[in-house]
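These notes are about the structure you will find just below.
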Amino acid sequence: MARCALCFILLGLCVTSSAQAVCNSDEQSSNQCGNLLYDVKKYTCCDRNVIQGAHLSCCGTTAYNKLESSCCNNVVTGGLSQTVSSCCGSKAYNPLNQICCGGSIQDKTSAHTECCGSDLYDTKKQLCCLTQFIWPKDTDNHVCCGNATLNLLKQCCCAADTLKVENLDSTCCKEKLERERTSLTHESQPGTSSALLQMEDNRQMDSEGSARSETPHCGLEPYSPLEYICCSGKLFLKTSDVTQCCGGEPYKLSEEGVLCCDGQLYRGQPAGSLCAGNVPYSPHNCTVCQKHVHLPAGQQCCGQKTFDPQEEICCNGHRHKRTADMACCGSHAYNANSGEHMCCSGHLHDLTHLKNKQEAECCGPLLLTNKKEQQCCHSTEKSLVYKTQPGHSCCGHWYYNMSMWSCCAGQLTSKTTNGSQAKMGGLKLIRPLLDYSKSAICTKPVLLGTVESVAVKQNERFVVVGDALEVNATVKSCGNSLEVGPLDHCLFPALELGRTYLWIKNTQNKYEPLADVTGLTTPIHTILSLCQHNRTCYTA
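Note that numbering that gives the first Met the number 0 has the sequence shown beginning at 0, numbered continuously upward.
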């Protein structure tokens, strides 16, 4: 039976028993939304409503993307991700820069801004007392006592009929201190209140199999994210809209001296402290290189040690003395212009023992020492060096006998199989970019582009290259898509979709693939560095 192509598009009409039976014919990607089935790869179910778009979140009956919008009281606010927002009634806001006081969103004046009723106050400079009185905070020892303030080093707040400030040597203060010494203070843990239970009930699956809305849980316990925060399965009461988790502990972004390093919370840290893994340190006092401490501060790291970039060069975590024309090859340093060494894909080779250094060239990470006696064969998997033999050629990384095998587009077939054959020595190689000398790629413009599509007609191949860039002394865009070819289909290895190649013009003024640059982090930088004249840059 043919699949019902319109079933999911016209899902709202699929309500009769016969229609639903047709919908049930596609069960692999279907799910139930009330008494209907829908394609989870195309739609989202919110409160028995099917909405266009897959893997979205529900805000009441509306589907939305948490990375682009926020949901507050079943109202979607666009342009602000729920991963960083808080709610003020039905409106989302950014708690880093704003605060909700008395149901109104206001701009913060500092990182320490909090609400005192509907007004704002700075917790570092002010106190908010009982009936929302705002007082100056003379020292860190000043706190509220009713609508008054007191200094804890000199006074206490006595609770009788009214809150009263008295000196520490008063009878009231002495009795209060004694009571505090003999009693244990227990912080109440947030429990499952009746409101939370009701919230859970409201979000349970209804009798028709549709979730009314999403309920956050901390472990097995439902909770309100407006009031609590869940850190490693434990609930904590939110003290601020900017309360965050560091491992299993909550903290406020506005707290001073607090540093979270790989899930480990540290307090009392000097201003400007940084993390080295899960260890805090002050960059004002020392330099930390991969958790190894060095004095003084402000040094550059090379692996676990420090180095002086004016006197040394750092190669993959290893220090070397800097000299003229010094370059890195993996962890080694060498003089790139001396002709005594060659770097092949991060592997340094010594050329001093060779009689004819001009014969040396790279074969991936390997060194080909005699181009007349050795053959390098490449594929996307590996590069191999073979001893040259007559009647043999490369097909990918295979070196094959042409009397026994045929190679077409990098694929070997036996001679008995009908198909196109490559002429002896005529196969083209696509080698790693760094295998080529400067003269091979710097004498004419080259094209850098990623294969988007390949079409073959008879023995010709046409390739669509995306985001093509012409690179020489400068970089010039050639448009979003560019078709190159025709190529002799059998003479060239297969070109994989999504891989980036370097193309160069042949004698017919047509581009053909020369090198695979997919593995290079910055191929444009590599090309320009190779083709530009050597020049050392110094800073003042």
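Each residue gets a CB set at the ideal place from its N, CA and C atoms; glycine is no exception. This structure is a prediction, so every number in the text was calculated from the model and none was measured.
C-alpha gap between residue i and residue j, whole angstroms
i    : j    : result
G77  : V462 : 42 Å
C376 : C301 : 36 Å
Y92  : E226 : 16 Å
E372 : C343 : 19 Å
S68  : A454 : 42 Å
C128 : E113 : 13 Å
Y385 : L347 : 20 Å
G40  : P282 : The amino acid occupying residue 40 in the given sequence is Lys; Gly does not appear at that position. About 49 Å.
E179 : G116 : 30 Å
S29  : G465 : 36 Å
C393 : L428 : 8 Å
L501 : L513 : 6 Å
I98  : I133 : 17 Å
T368 : D349 : 11 Å
K173 : L162 : 16 Å
D240 : C87  : 10 Å
K504 : K443 : 8 Å
E358 : Y435 : 13 Å
E186 : C259 : Bear in mind that a pLDDT of 46 at E186, under 50, signals an unreliable position, so the model cannot answer this.
S382 : H396 : 6 Å
A20  : G59  : Its pLDDT being 31, under 50, A20 is placed unreliably by the model, and nothing is read from it.
E459 : T305 : 56 Å
N336 : D324 : 7 Å
L219 : N96  : 33 Å
L36  : P94  : 40 Å
A275 : Q81  : 30 Å
T148 : V257 : 27 Å
H488 : H352 : 41 Å
L79  : N48  : 24 Å
K475 : C361 : 29 Å
G145 : Q125 : 15 Å
Member of the options whose CA lies at the smallest distance from the CA of residue i
i    : options                   : result
G297 : S29, L273, K153 and L366  : L273
T555 : T43, S89 and V83          : Because residue 555 is not part of the residues shown, which for the chain are 0 to 539, the question remains open.
C448 : H396, V516, G395 and T148 : According to the sequence as given, residue 448 is Gly; it is not Cys. Looking at the Cα atoms, V516 is the closest of the given residues.
G355 : R318, T43, V257 and E339  : Per the sequence shown, the amino acid found at residue 355 is Asn instead of Gly. Ranking R318, T43, V257 and E339 by Cα distance to N355 puts E339 first.
R498 : T351, E380 and S476       : E380
L527 : C58, L432 and Q410        : L432
P485 : H293, N508 and T170       : N508
L494 : L294, A408 and I440       : A408
I541 : H488, V483 and Y510       : Residue coverage of the chain in this structure runs from 0 to 539, which leaves residue 541 outside it and unanswerable.
L426 : C100, E451 and Q374       : Q374
A270 : S253, N277 and S182       : S253
S103 : S85, A467, H111 and K124  : S85
E451 : V142, N284, E482 and C156 : E482
N284 : Y333, L294 and R430       : L294
S378 : F491, N146 and C144       : F491
G101 : T170, H111 and Q131       : Q131
C70  : T214, S231 and H317       : T214
Whole-Å CB distance - residue i paired with residue j, under 8 Å assumed
i    : j    : result
K233 : G247 : 6 Å
N140 : N150 : 5 Å
N64  : S89  : Incorrect: roughly 19 Å between the Cβ atoms, too far for contact.
C217 : C229 : 4 Å
C288 : I312 : Not confirmed; about 16 Å, so no contact.
F235 : P221 : With 8 Å as the limit, F235 and P221 do not qualify as a contact, their Cβ atoms being about 15 Å apart.
Y399 : L411 : 6 Å
Neighbour-count burial assignment, residue i, 16 or more Cβ in a 10 Å radius
i    : result
L152 : exposed
A62  : buried
L446 : buried
D106 : exposed
D168 : exposed
D307 : exposed
K320 : exposed
S438 : exposed
G363 : buried
K456 : exposed
Q31  : exposed
A158 : exposed
M403 : exposed
Q303 : exposed
P135 : exposed
T43  : buried
V75  : buried
Q154 : buried
P279 : buried
S405 : buried
H391 : buried
Any C-beta of chain D under 8 Å from that of residue i
i   : result
S29 : The structure shown contains no chain D; it holds only a single protein chain.
Would you call the region 118-125 and the region 259-279 touching, i.e. three or more CB-CB distances under 8 Å?
-> no
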